[in-house]
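In order, the protein sequences belong to chains A and B. When we follow numbering that gives the first Met the number 0, the leftmost residue of the first sequence carries the number 0, and every step to the right adds one. When we follow numbering that gives the first Met the number 0, the leftmost residue of the second sequence carries the number 0, and every step to the right adds one. Glycine residues also receive a C-beta, built at the ideal position from the N, C-alpha and C atoms. Keep in mind the model is a prediction, meaning the values are calculated, not measured. All remarks here apply to the structure that follows.
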Amino acid sequence: MRSTADPVLGGLLRHWDVLLPFIVYFGQRRGFLEGLVLSILTSHLYSLSSTAPIGLFVTYYLTVFGLARLVSYVVYADQWYSVLLLMLGVAGLSRFCLVLLAYGFGHQIPVMFFRGMLMNSMLGLFIYWLLSQVDKLTYKVPRMNIELSKNSL
Amino acid sequence: MQPRKKFSVFVLLTGLICLLAVYIHWHRQGQTGKIDAAVISVTGALQTHFFYVAQGGRTIFENYFFLVNTKKRNEELESQVRLLHSELTSAGELELENKRFKEMLEFRNKIEQKLLAARVVAHDSSSDYFGIRVDRGSRDGVHAGMGVISPHGVIGRVLRVTDQYSDVLTLVDPTSNIDAIIQRSRARGIVSGQAKQLICKLKYIDRLEDIAVNDVVVSSSFGSIFPPGLLIGQVTAVIPNPNGILQTIAVKSAVDIYRLEEVFIVFPPAKSETVIKQ
Chain A
0 MRSTADPVLG GLLRHWDVLL PFIVYFGQRR GFLEGLVLSI LTSHLYSLSS
50 TAPIGLFVTY YLTVFGLARL VSYVVYADQW YSVLLLMLGV AGLSRFCLVL
100 LAYGFGHQIP VMFFRGMLMN SMLGLFIYWL LSQVDKLTYK VPRMNIELSK
150 NSL
Chain B
0 MQPRKKFSVF VLLTGLICLL AVYIHWHRQG QTGKIDAAVI SVTGALQTHF
50 FYVAQGGRTI FENYFFLVNT KKRNEELESQ VRLLHSELTS AGELELENKR
100 FKEMLEFRNK IEQKLLAARV VAHDSSSDYF GIRVDRGSRD GVHAGMGVIS
150 PHGVIGRVLR VTDQYSDVLT LVDPTSNIDA IIQRSRARGI VSGQAKQLIC
200 KLKYIDRLED IAVNDVVVSS SFGSIFPPGL LIGQVTAVIP NPNGILQTIA
250 VKSAVDIYRL EEVFIVFPPA KSETVIKQ
């Protein structure tokens, strides 16, 4: 997607973290094991399309998954504004995580906090909504509904 | 009345009418009588209205009934225009590709090292790394560490190889390090990326070295990864460091990796003869 968009959009999407909304969605709406497996698989696939050291993006996205999972116990994002806030928060935090993790792998990455944050939040909101629509169409029950129903019993 | 008599009267009357007509024609000399004028004005008005009605009918017929065919014809023409436009675009693309290939061929003939042409198939999935993927792999003899160049200059080095594809670490990637020299002063340093599209930095240059803006940076012969003297970029800024032993130099890469379509993978030389002809 980036390869196609770059010559056309001239780097407009260059700061877009494509996988971020997917991982946040897995953290929020999937069971722990299912989300973990999905996150590892997708992030490894992402790693294979990058010249970054193997393992960097798996570690990074697992951290994002953990963050989204932790947040889900406090805020369950199901309204557009809560999803937007969640995406904003995670996009900001994850950037620092990536810089720190890359440093651990011996690489230096510029922080570029604000440039990517807004784009990741807006596009993240859209992808999050799209994924929830797919879940609705396929009658996938959100994790929180199952857990709440357990408690109510 | 007998039939013969009847015929004579008929001929006589016809002859008289004809004579009367000829007389009127010669006598009036283009003038019209009152009765004729009245008849003409009535029939003329009728003719006029009939003419407009007929014209209107013809217009409706032409613009509406014939429009069915026009619409069909229009669709056919539009389809033809689309087809021709598509063919024109393809021809333009082929022309550009041809031009690039010609340029590459000319460049290939200048280099003594064996080169393998490859097509760029993807860019890095992450915006923090500047890698590209090319459609040549280990089955084509490619292995990690080989240099990748284009007629416009140095691109980078092969980082990872699979059977069919290779990942190339470009010179603008922050983890890339390429040995380089300033063409004018022969000062030597390492070109490294800065996670920006075109901007690199030249590291480890002594602050006493003579370097100026617009100096050309080329590849060195060290390591035989790239043909020596191949363009890397141009110095855009020299920031002296009065307290340190090194100076900071910004270099603008000669190649924009986001516009790359075809590249060359450089095979290591059989002997240590890696010079550009001429």
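Non-local beta-carbon contacts of Asp127/B in its own chain, meaning distances under 7 Å to residues more than five positions away in sequence, involve Ala194 in chain order.
With respect to the C-alpha of Gly115/A, the residue from Ser49/A, Val89/A, Tyr60/A, Tyr127/A having the closest C-alpha is Val89/A. Judged by DSSP in its simplified three-state form, Ile148/B adopts strand. Contact annotation: Ala179/B and Ile231/B have beta-carbon atoms nearer than 8 Å. In this structure, Asp205/B sits near Ile244/B, with a CB-CB distance shorter than 8 Å.
Counting only residues of its own chain and dropping the five nearest sequence neighbours on each side, Ser124/B has no CB closer than 8 Å to any other CB.
Cβ neighbours of Cys96/A within its own chain (closer than 6 Å, five residues either side excluded): Thr62.
For Ala76/A and Tyr138/A, the gap between their C-alpha atoms comes out near 19 Å. Taking a contact as a CB-CB distance under 8 Å, the pair Val160/B and Val141/B counts as one, their CB atoms being some 6 Å apart. Taken residue by residue, none of the segment 82-95 of chain A has a beta-carbon sitting less than 7 Å from a beta-carbon on chain B. Its chain contains Ile22, Phe25, Tyr60, Leu61, Phe64 as the residues whose beta carbon lies nearer than 7 Å to that of Ser38/A, once the 5 sequence neighbours on both sides are disregarded; these appear in chain order. Cβ-Cβ distances below 6 Å link Leu259/B to Val119 in the same chain, with the five nearest sequence neighbours on each side left out; the list follows chain order. Close partners of Gly130/B in chain A (Cβ separation under 9 Å): Ser48, Ser49, Thr50, Ala51. The alpha-carbon of Phe129/B is positioned some 15 Å away from that of Ile53/A. Bounds of any beta strand (DSSP E) do not take in Val52/B; it lies within the alpha helix (DSSP H) bounded by 33-59. Close CB contacts of Tyr164/B within its chain, under the 8 Å cut and outside five residues either way in sequence, are with Val120, Arg132, Val133, Asp134, Arg135, Gly136 (chain order). Assigned with DSSP and collapsed to three states, Lys139/A falls in coil, not helix or strand.
For the options Leu55/A, Leu130/A, Ser131/A, Leu35/A, the alpha carbon positioned closest to that of Gln107/A is the one of Leu55/A.
Under the DSSP definition of a beta bridge, Asn176/B partners with Ser191/B.
Just so you know, the alpha carbons of Ser175/B and Leu69/A end up roughly 37 Å apart. Taking C-beta atoms as the reference points, Ile148/B and Phe221/B fail to come closer than 8 Å.
Within chain A, no residue has its CB atom less than 8 Å from the CB of Leu170/B, the nearest being about 12 Å off. Taking 8 Å as the threshold, the shortest C-beta distance from Leu259/B to chain A does not fall below it. Under a criterion of Cβ atoms nearer than 9 Å, the residues of chain B adjacent to Gln107/A are, in order, Pro173, Thr174, Ala194. Measuring C-alpha to C-alpha distances from Leu99/A to each of Arg28/A, Tyr45/A, Asn119/A, Thr58/A identifies Thr58/A as the nearest.
The C-alpha of Lys135/A is placed about 49 Å away from the C-alpha of Ser252/B.
At a cut-off of 8 Å between beta carbons, Phe25/A makes no contact with chain B. In the three-state reduction of the DSSP assignment, Arg28/A falls in the helix class. Against chain B, a Cβ distance below 7 Å from Trp128/A picks out nothing, because the smallest value is about 23 Å.
Between Lys200/B and Ala249/B, the C-beta spacing is below 8 Å. DSSP, read as helix, strand or coil, puts Ala116/B in strand. Going by C-alpha positions, Pro268/B is about 8 Å away from Glu111/B.
Residue contact with chain B for Tyr138/A: absent (no Cβ-Cβ distance below 8 Å to any residue of chain B).
Using a Cβ-Cβ distance cut-off of 8 Å, the segment 232-242 of chain B and the segment 208-221 of chain B are in contact, since at least three pairs of beta carbons, one from each stretch, lie closer than that value.
Asp209/B has its alpha-carbon roughly 8 Å from the corresponding atom of Ala186/B.
Leaving aside the five residues that flank Phe106/B on each side, the residues in its chain whose CB is nearer than 6 Å to its CB run, in chain order, Pro150.
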